[in-house]
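Data block below; observations after.
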């Protein structure tokens, strides 16, 4: 089967596409002046170009997490024992949590001490730990659990951390984004609650066999599921009741009404958000499996080393933003503890940032710097089999 042979091309290309789009989002965060002032998805303040620049990057996190689950099942298909896979998921998951607390959080901050922002690497890490237990169940059961969590976790929205007393912090980690409090002091913010993302990872694990199926079966399955998820999003959004806690409303014109309609909840990822993002990505699988040429190779290079690319791009984006603002004669002190300043001290960033077209130019520069580094590390991973490389 495909799973037992070479790497599955569409998985690396999907990951590569995610890396490319994610870099755009983070470049916009650090380069665009408006990023310090308002939500780019706010119909009252944004414009179509800025809205699309932010919205298109919604595809990244669900795809990343889904494919992490897919890759776990493919390791079983390649002959790894369930016990060995379970151990690997626990150890790699905990390693990712350590990375989020240290190298990743410092990359966002470029300062000591720094606030800890628990984002996608944190969510993937704990989701792997949960998946380490789930893989002892039949794959179809894991699929059902994943789908159930995706569809049903919205029922938990009425539960607020302050209702839970001593368990408030646990609920923030599990379902409701909020501050991380240690000894009465805020030390960070949990933006990616684990439970909904663990559901997406379980869903990816449950569907992984499709990637290894004969091409006609694989293509039919992904096209039907992708289209069904998009249709489910459309129906649920028109009904405007269950599935997202940001109802849309009619605005002054068709464009801003469309913006309101598509403004979905990512933190935590709502049912509609998952359907609207994973659905289109699954539709791409048949086309990506057939793609050849330079673009395919370019995407696969980024996608072959996703963790390496993720960590490295944070440092490149942050350093480039500081260099560009310094070259323009701006004070860059606010770029230390950048995210904290965005939310609590925007005056520290006054006068910094650029027009959106400059952010797109910086995006191209970031990708150009990142590509040879990813190509080098992908070669290292192909030619060496050291155990520790599987953790990077």
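In my numbering, the protein residues as written are 23 to 414.
Note that beta-carbon positions come from the ideal geometry of N, C-alpha and C, so glycine has one too.
Quick caveat, the model's predicted, so the values are computed rather than measured.
Item to check | First through last residue of the beta strand (DSSP E) which encompasses residue 140 | outcome: Segment 138-140, the beta strand (DSSP E) holding residue 140.
Item to check | Strand pairing of residue 201, partner residues [DSSP] | outcome: Bridge partners of residue 201: 211.
Checklist entry - The alpha helix (DSSP H) spanning residue 188 covers which residue range? => result Looking at the DSSP string, residue 188 is not in any alpha helix (DSSP H), and its letter there is neither H nor E.
Checklist entry - Beta-carbon separation of residue 73 and residue 62 under 8 Å? => result Closer than 8 Å, so yes.
Item to check | Contact belief for residue 354 with residue 347 at Cβ below 8 Å, rounded distance in angstroms | outcome: Yes, they are in contact, since the Cβ atoms of residue 354 and residue 347 sit about 5 Å apart, within 8 Å.
Item to check | Residue from 221, 217 and 397 with nearest C-alpha to residue 166 | outcome: Selection 221, 217 and 397 evaluated against residue 166 yields 221 as nearest (Cα-Cα).
Next on the checklist: Please return the same chain residues whose Cβ sits closer than 8 Å to the Cβ of residue 214, not counting the five positions on each side in sequence.
Outcome noted: So the qualifying residues of the chain are 83, 140, 141, 142, 144, 145, 199, 289 and 290.
Next on the checklist: Taking the straight line between their C-alpha atoms, what separation do you get for residue 304 and residue 350?
Outcome noted: Note on geometry: alpha-carbon atoms of residue 304 and residue 350 lie some 42 Å from one another.
Item to check | Integer Cβ distance of residue 286 from residue 295, believed to fall under 8 Å | outcome: The C-beta separation of residue 286 from residue 295 comes to about 4 Å, placing the pair in contact by the 8 Å criterion.
Checklist entry - When DSSP labels each residue in this structure, what does residue 81 get in the three-state scheme? => result Residue 81 falls in the helix class under three-state DSSP.
Checklist entry - In the DSSP assignment, what residue or residues form a beta bridge with residue 54? => result Per DSSP, the beta bridge partners of residue 54 are 376.
Next on the checklist: In whole angstroms, give me the CA-to-CA distance for residue 243 and residue 232.
Outcome noted: Their backbone Cα atoms lie some 7 Å apart in a straight line.
Checklist entry - Straight-line CA distance for residue 340 to residue 125? => result Between residue 340 and residue 125, the C-alpha separation is close to 13 Å.
Item to check | Distance between beta carbons of residue 176 and residue 90, contact taken as under 8 Å | outcome: Here residue 90 is actually not in contact with residue 176; their C-beta atoms are around 22 Å apart, not less than 8 Å.
Next on the checklist: Three Cβ pairs or more, each shorter than 8 Å: is that satisfied between the region 150-157 and the region 103-116?
Outcome noted: In this structure the region 150-157 touches the region 103-116; the number of beta carbon pairs closer than 8 Å is three or more.
Checklist entry - How would you call residue 216, buried or exposed, if buried means at least 16 neighbouring beta carbons within 10 angstroms? => result With 16 or more Cβ atoms within 10 Å of its Cβ, residue 216 is classed as buried.
Item to check | Euclidean distance between Cα positions of residue 46 and residue 256 | outcome: Going by the C-alpha atoms only, they are around 27 Å apart.
Item to check | For residue 24, the three-state DSSP class (helix, strand or coil) | outcome: Caution applies to residue 24, whose pLDDT of 49 falls short of 50 and renders its modelled position unreliable; the value that the coordinates give is listed next. The DSSP-derived three-state label of residue 24 is helix.
Checklist entry - How long is the line joining the alpha carbons of residue 43 and residue 208, rounded to whole angstroms? => result Rounded to whole angstroms, residue 43 and residue 208 show a C-alpha spacing of 31 Å.
Checklist entry - With respect to the alpha helix (DSSP H) encompassing residue 227, which residues constitute its N-terminal and C-terminal limits? => result Note, residue 227: alpha helix (DSSP H), 216-229.
Next on the checklist: Assuming residue 173 and residue 293 are in contact, meaning their beta carbons sit under 8 Å apart, how far apart are those beta carbons, in whole angstroms?
Outcome noted: The pair is a contact, with the Cβ atoms about 5 Å apart (cut-off 8 Å).
Checklist entry - Relative to the alpha-carbon of residue 371, which residue among 194, 358, 308 and 181 has its alpha-carbon at the smallest distance? => result Per the Cα distances, 358.
Checklist entry - Is it right to say residue 405 is buried, meaning 16 or more other beta carbons lie within 10 angstroms of its own, or is it exposed? => result The residue is exposed, with fewer than 16 neighbouring Cβ atoms inside 10 Å.
Item to check | Where the alpha helix (DSSP H) through residue 241 begins and ends | outcome: Residue range 237-261 is occupied by the alpha helix (DSSP H) that includes residue 241.
Checklist entry - Who are the Cβ neighbours of residue 414 in its own chain at under 7 Å, not counting the five residues just before and after it? => result Once the five neighbours on either side are set aside, the close Cβ partners of residue 414 are 329 and 330.
Checklist entry - Where do the N-terminal and C-terminal ends of the alpha helix (DSSP H) with residue 337 fall, by residue? => result First-last of the alpha helix (DSSP H) with residue 337: 328-349.
Checklist entry - My guess is that residue 248 and residue 35 are in contact by the Cβ rule of under 8 Å, so how many angstroms apart are they, rounded? => result With 8 Å as the limit, residue 248 and residue 35 do not qualify as a contact, their Cβ atoms being about 16 Å apart.
Next on the checklist: Just to confirm my understanding: we take residue 193, look at its own chain, exclude 5 residues before and 5 after, and list those with CB closer than 6 Å. What are they?
Outcome noted: Sequence-distant Cβ neighbours of residue 193 in its own chain, meaning closer than 6 Å and more than five residues away, are 183 and 186.
Checklist entry - Apart from the five residues on each side of it in sequence, which residues of its chain come closer than 8 Å, Cβ to Cβ, to residue 111? => result Hits under 8 Å: 94, 150, 151, 153, 154 and 157.
Checklist entry - So the alpha helix (DSSP H) residue 172 belongs to, where does it begin and stop? => result Looking at the DSSP string, the run of the alpha helix (DSSP H) that includes residue 172 is 161-174.
Next on the checklist: Given a cut-off of 8 Å on the beta-carbon distance, is the pair residue 279 and residue 38 in contact?
Outcome noted: Taking 8 Å as the Cβ cut-off, residue 279 and residue 38 do not qualify as a contacting pair.
Checklist entry - Does the beta carbon of residue 136 sit closer than 8 Å to a beta carbon anywhere in chain C? => result The chain labelled as chain C is not found in the depicted structure, where only one protein chain is given.
Item to check | Delimiting residues of the alpha helix (DSSP H) encompassing residue 279 | outcome: For residue 279, the uninterrupted alpha helix (DSSP H) segment begins and ends at 276-284.
Checklist entry - By Cβ distance, which residues of its chain are closer than 7 Å to residue 275, with the 5 residues on each side in sequence left out? => result Result list for residue 275: empty, nothing under 7 Å.
Next on the checklist: Taking the alpha-carbon of residue 228 as reference, which of 171, 282, 179 and 250 has the nearest alpha-carbon?
Outcome noted: Between residue 228 and the set 171, 282, 179 and 250, the nearest pair of CA atoms involves 171.
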